[in-house]
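In the working numbering, the protein residues as written are 36 to 118.
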């Protein structure tokens with residue numbers, strides 16, 4: 036990868052600001068970008084479970100940081116392939 040990003044930690048305070056509709060939008064983007072790479076989570080959704088006030092993404096009770104980090108990696112990969 037040509038760019039270096041810092042991973043978002045599950046304890047990042049900014050994760051408190053994400054709402055269920057925002058997470059749904061991010062999951063749609065993950066599906067769109069990840070599909071060509073075989074990343075399929077058809078049942079992924081904003082979870083009803085929260086940990087320390089952070090909504091968990093329901094694909095194995097992953098924190099939102101996992102979703103964001105996956106998106107960053109896929110965007111970087113997509114950018115490398117097109118640029």
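All residues carry an ideal CB built from backbone N, CA and C; glycine is no exception.
Worksheet item: Leaving out the 5 sequence neighbours to the left and right, which residues in its chain are closer than 8 angstroms to residue 106 when beta-carbon positions are compared?
Response: Closer than 8 angstroms at the Cβ level, and outside the excluded window around residue 106, lie 61, 64, 65 and 68.
Worksheet item: So residue 55 packs on residue 81, CB below 8 angstroms; how close in whole Å?
Response: Confirmed, Cβ separation roughly 4 angstroms.
Discussion item. Tell me which residue opens and which closes the alpha helix (DSSP H) that residue 60 is part of.
Written reply: 55 to 69
Practice prompt. Whole angstroms is fine: what's the gap from residue 114's alpha carbon to residue 70's?
Written response: 16 angstroms
Fill in: Proximity winner among 57, 41, 40 and 42, relative to residue 90 (alpha-carbon distances)
The residue with the shortest Cα to Cα distance from residue 90 is 57.
Worksheet item: So who's on the other strand from residue 85, going by DSSP bridges?
Response: 90
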